[in-house]
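Engineer:
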Ligand code: HPA
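Residue numbers (our numbering): 1 to 234.
(1) Consider the C-beta atom of residue 128 and the heavy atoms of ligand 1; say whether any pair is separated by less than 6 Å.
(2) Are there any heavy atoms of ligand 3 lying less than 6 Å away from the beta-carbon of residue 168, as far as the coordinates show?
(3) At 4 residues or longer, and completely inside the region 43 to 103: list those alpha helix (DSSP H) runs for me, N to C.
(4) Excluding the five sequence neighbours on either side, which residues of its own chain have a C-beta within less than 8 Å of the C-beta of residue 4, listed in chain order?
(5) With respect to 6 Å, is the separation between the Cβ of residue 92 and the closest non-hydrogen atom of ligand 1 below this value?
(6) Shortest alpha-carbon distance to residue 47 belongs to which of 54, 53, 36 and 161?
(7) Given a threshold of 16 other Cβ atoms within 10 Å of its Cβ, counted over all protein chains shown, does residue 214 qualify as buried or as exposed?
(8) Indicate, with yes or no, if ligand 1 has a heavy atom lying under 6 Å from the CB of residue 233.
(9) Smallest Cα separation from residue 27: which of 9, 165, 178 and 50?
(10) Can you give the beta carbon distance from residue 104 to residue 177, rounded, assuming they're within the 8 Å contact cut?
In structure tokens, the structure reads:
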């Protein structure tokens, strides 16, 4: 048991999928894992462990934003021995070629700073995906009838953004999409020698204003769960 996770030692699998929403964690575990059981529910941040093709897997919510994800990633890796962490979530598209419903696999993440900024001081640490996971996720995604993009994303501190100039600059520098967690996941994983990746569905588009209808969100989320599981055990 840690400050924020009530699981017992051995309850957390070496492979952890992390959606932002704990109810999504429940849905994913019930639909994709065999014999899922709840291992954490502190503050309603549900985590479940089951198996996929015989491999133990935990699916645990991260909450929204880097400070929340940071707490869970730290405790899952440091205290429960998680070795592979894959964020499954949504992002806002920032390039014309990146369409709503497409999948974005984050190679690296720009940010104003992560919760680790104080630790790095003058250093601009470059958060980076695990290469093997990234390659495997790309292969898994390409087998499906969905657009797939691999490249840089922006991990923002705000959803309700007041800096259109910043978005314009990021777009001009080829950043594919915006979300709010991956940079810190990659940074914490790097600190402890764990593997990390973010697989994201484009749920809305900053330039076109298009948004994924709610009935399609579930299917897209299911695609991401499958891609993450295939990548983790490739
Ligand atoms: N901004 C930040 N995070 C997001 C967005 C967005 O537009 N869409 C999905 N996650």
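Ideal placement from N, C-alpha and C gives every residue a C-beta, glycine not left out. Since this is a predicted model, take the numbers as computed values, not measurements.
Structural biologist: The short version:
(1) Reading the chain shown from its first residue, position 128 is the one you call residue 128. No, Cβ of residue 128 sits at least 6 Å from all heavy atoms of ligand 1.
(2) Ligand 3 is absent from the structure shown, which contains only ligand 1.
(3) 66 to 78
(4) Walking along the chain shown from the start, residue 4 turns up at place 4. Counting only Cβ-Cβ distances below 8 Å, and skipping sequence neighbours, we find 42, 43, 45, 71, 72 and 75.
(5) The residue labelled residue 92 in the question sits at position 92 within the chain shown. Because some heavy atom of ligand 1 lies under 6 Å away, the Cβ of residue 92 counts as near it: yes.
(6) Here residue 47 is taken as the residue at index 47 of the chain shown, counted from 1. Among 54, 53, 36 and 161, the Cα nearest to that of residue 47 belongs to 36.
(7) By 1-based counting over the chain shown, the position of residue 214 is 214. Classification for residue 214: exposed.
(8) Taking the chain shown and counting its residues from 1, the one referred to as residue 233 is at position 233. No.
(9) The residue given as residue 27 occupies position 27 in the chain shown. Residue 27 has its Cα closest to that of 50, out of 9, 165, 178 and 50.
(10) Mapped onto the chain shown, residue 104 falls at position 104. Mapped onto the chain shown, residue 177 falls at position 177. Sure, about 5 Å apart at Cβ, within 8 Å.
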